[in-house]
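Everything on this sheet refers to the single structure shown next.
Residue numbers (this note's numbering), protein chains in the order written: chain X, 1459 to 1850; chain S, 1459 to 1850.
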């Protein structure tokens, strides 16, 4: 049997995520390669109680077919949080529930991208986005991100000359770099997007994980009609429940509903009801404070150990999120480091797959949300040894 | 702001499912339009207990990120059931968990369909499949289905001359018609597919709902390498948990994993664990016997009432599943009937959207799995009145 696959499959990059999830599961390896929230911070008892309440009060509805748009009380909760936390005039009608924010990447690309459509994104940029977009065969054009912002001149030139259908970015504690845009950069992005009628697709999976708890204003605040945002409870409550969302202007939501229905009919009714019950009967803000505290401690420790043990490596210094990016001196290769690391029972993620237009060979991503303080101490020592070995 | 949507959106038919789900929720309307399993047959207490056990034993894992392929014990359960029930040599490695079988439609199309790729399907055929496929811009070619089989001559000509990348069909109690292929038709389909190297994409959402409980052999049994099957627990356990699966040859599974990961990373970890726990700690076969008994009773009642009250309407006589198709005399129009029905507080689904190549204006679909016996009695009386009104 000769299977004839679609041409779009040739456009997709080789997937790294599988391999890194596989690596993350070997119990002997201390993994800084994945992107898991710390398991001990998942409030299993709280979610268990929320589930029991859902089964008692609304079990039939939570197990039956439901609507494509998502559970209204949950969409109202999310809209309310945008209003109270960020001052955005969000309504439930502009929110749709998705299977994590990864599904937004797929569906937004499906709505906007034809073969050869130009899509802008950050360099380095989230590799899950590169993979999702690639199946729609865009021309991806990147703009370098620094500790403060995308390269604003390049961003402006991209929007004016290449006319991307959207620019995809993570202004809050980016994956993979952990960097955040300054408020000035957000305003400038908004101005340029408004002038050039470019959608700014703002993936905000990490905004609630600012170590200082201070809300950063999204680009959408300054350019509402250009702003498509996505969010997720995967990093803050539970990834296994697969609850993310999109927050977008009416005309986009309308198209979103149709493609989402064709994709898998509707979000998981049980997960939505349990998540909503959990959020409204437990101290979500208190939970977030605890998560932020642990991740900040881990991040500081990892930065310090990098500075102490790997003196010729530079790294970003995140103020939130789950990741940082390290850069080795010119001539080094992160794939060699990756293999040396596996031999030492530690895992890092080579930066290359985050570079949609190539490059990044000297970079690697480190996750600081999964491991304990002790594991970070041991793992960084192993990393230092692997780094020395890989340079022989 | 001028949003530039992808060209593929123009290819999609106007969605009916939303409207019918909306109609289904008006409590005054007796709906035969939807496709909901009977709510009172959902084992809320059993699933609640399964969830409690999951939280107690494996709560952390059920709430954390998991793998793209799906929960291994659940895949093993499904493979085991294929082996014991149908004698198929299925292994967990050939099974992938999806968000209902609707997600299979999207992902299988994504893997195989480029713009203008020929896809074969039944006429009438499942409208959710037409919608899912349409976003990949295929040329859909249809083969008429009768009470016994697709038109085998047309099927053979299609496979030989049009070379579809796959033929999509529902051999067991089809949506919308409720008809099933004879065993001879299944064997012939398999022979033709093997000769012509055509994939037979066999949507088996209803196979477990044969009123007599007798397993019908899938086409895949006779042509393993051509067979891509999908299944679902939505019709038998709970739709809200969104657990379906695909069962396909290795080379297809490999491509499936990559596109599924890009689409939404992985299936819902909590739903998978709870579903597996439910299936292995409750009497699933006993539950199925009960569901089949109720649906058979409803189906017989609906057929009898159609025969008694609507004497110039013909209809299929299903031996399983959830749907039947009614056909009015030439010159009648099911959209007129639809509106007349709404006025009488009853809903049926016009057949037109199930006809990918046009036609079907005199047909409508009736669902017999949602309403109670009493509702069917009252609803069919309303339908008869609406039918008389629509013909004035």
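Note that the Cβ used here is the ideal one computed from N, Cα and C, for glycine as well.
- With a cutoff of 9 Å on beta-carbon distance, residue 1848/S and residue 1820/S are scored as not near each other.
- In the structure shown, residue 1563/S adopts helical secondary structure according to DSSP, grouped into three states.
- Less than 9 Å separates the beta-carbon of residue 1627/X from that of residue 1580/X.
- Identification of chain S residues near residue 1713/X by a Cβ-Cβ cut-off of 7 Å yields 1463, 1467, ordered along the chain.
- With respect to chain X, the C-beta atom of residue 1518/S has a partner C-beta closer than 9 Å.
- When the beta-carbon positions are compared, residue 1686/S and residue 1655/S stay at least 9 Å from each other.
- Excluding five sequence positions before and after residue 1607/S, the CB atoms of its chain that fall closer than 7 Å to its own CB belong to 1639, 1640, 1643, given in chain order.
- The C-beta of residue 1502/X comes closer than 9 Å to at least one C-beta of chain S.
- DSSP lists no beta-bridge partner residue for residue 1719/S.
- Straight-line spacing of the CA atoms in residue 1465/S and residue 1575/X works out to 11 Å.
- When Cβ-Cβ separations below 9 Å define contact, residue 1459/X makes contact with chain S.
- Between residue 1573/X and residue 1595/X, the C-beta gap is smaller than 9 Å, which places the two residues in contact.
- Listed by position along chain X, the residues whose Cβ is nearer than 7 Å to that of residue 1560/S are 1722, 1723.
- The C-beta of residue 1634/S comes no closer than 9 Å to any C-beta of chain X.
- Under the three-state reduction of DSSP output, residue 1569/S falls in the helix class.
- Residue 1780/S has no beta-bridge partner at all, per DSSP.
- For residue 1727/X, the CB contacts under 8 Å within the same chain, skipping 5 residues up- and downstream, are 1519, 1520, 1521, 1522, 1523, 1524, 1529 in chain order.
- Residue burial is scored here from C-beta neighbours: residue 1497/S has fewer than 16 other C-beta atoms within 10 angstroms and is therefore classed as exposed.
- Straight-line measurement puts the Cα of residue 1720/S at about 10 Å from the Cα of residue 1565/S.
- Against chain X, the beta carbon of residue 1506/S has neighbours under 7 Å at 1513, 1517, listed in chain order.
- Membership of residue 1554/S in any alpha helix (DSSP H) is not indicated; the residue belongs instead to the beta strand (DSSP E) covering 1553-1556.
- For the stretch 1616-1658 of chain S, the continuous alpha helix (DSSP H) assignments of 4+ residues that do not extend past its boundaries occur at 1641-1654, in sequence order.
- Per the coordinates, the alpha-carbon of residue 1745/S lies some 30 Å from the alpha-carbon of residue 1658/S.
- Between the stretch 1542-1550 of chain X and the stretch 1665-1684 of chain S, the count of Cβ pairs shorter than 8 Å is below three; the stretches do not touch.
- Sixteen is the threshold: when 16 or more other Cβ atoms of the shown chains lie within 10 Å of the Cβ of residue 1700/X, as they do, the residue is buried.
- Of all residues in the stretch 1680-1701 of chain S, only 1683, 1684, 1696, 1697, 1698, 1699, 1700 place a beta-carbon less than 7 Å from a beta-carbon of chain X.
- When 1563/X, 1786/X, 1584/X are compared, the shortest CA-CA separation from residue 1593/X is found for 1563/X.
- C-alpha of residue 1763/X to C-alpha of residue 1517/X: approximately 49 Å in a straight line.
- Within the stretch 1565-1576 of chain S, contact with chain X at the beta-carbon level (separation under 8 Å) is assigned to 1568, 1569, 1570, 1571, 1572, 1575.
- When rounded, the separation of the alpha-carbon atoms in residue 1794/X and residue 1462/S is 43 Å.
- For residue 1494/S, the neighbours in chain X by C-beta distance under 7 Å run, in chain order, 1522, 1523.
- The beta carbon of residue 1668/S sits closer than 6 Å to the beta carbons of 1778 from its chain, once the five residues preceding and following it are set aside; these are given in chain order.
- With its beta carbon at least 9 Å from every one in chain X, residue 1832/S lies outside the interface.
- Scanning the stretch 1725-1755 of chain X from its first residue to its last, the whole alpha helix (DSSP H) runs of 4-plus residues come out as 1727-1739.
- Judged by DSSP secondary structure, residue 1690/X falls within the beta strand (DSSP E) whose first and last residues are 1685-1690.
- Each of 1513/S, 1484/S, 1460/S, 1570/S was checked against the Cα of residue 1736/S, and the nearest Cα belongs to 1513/S.
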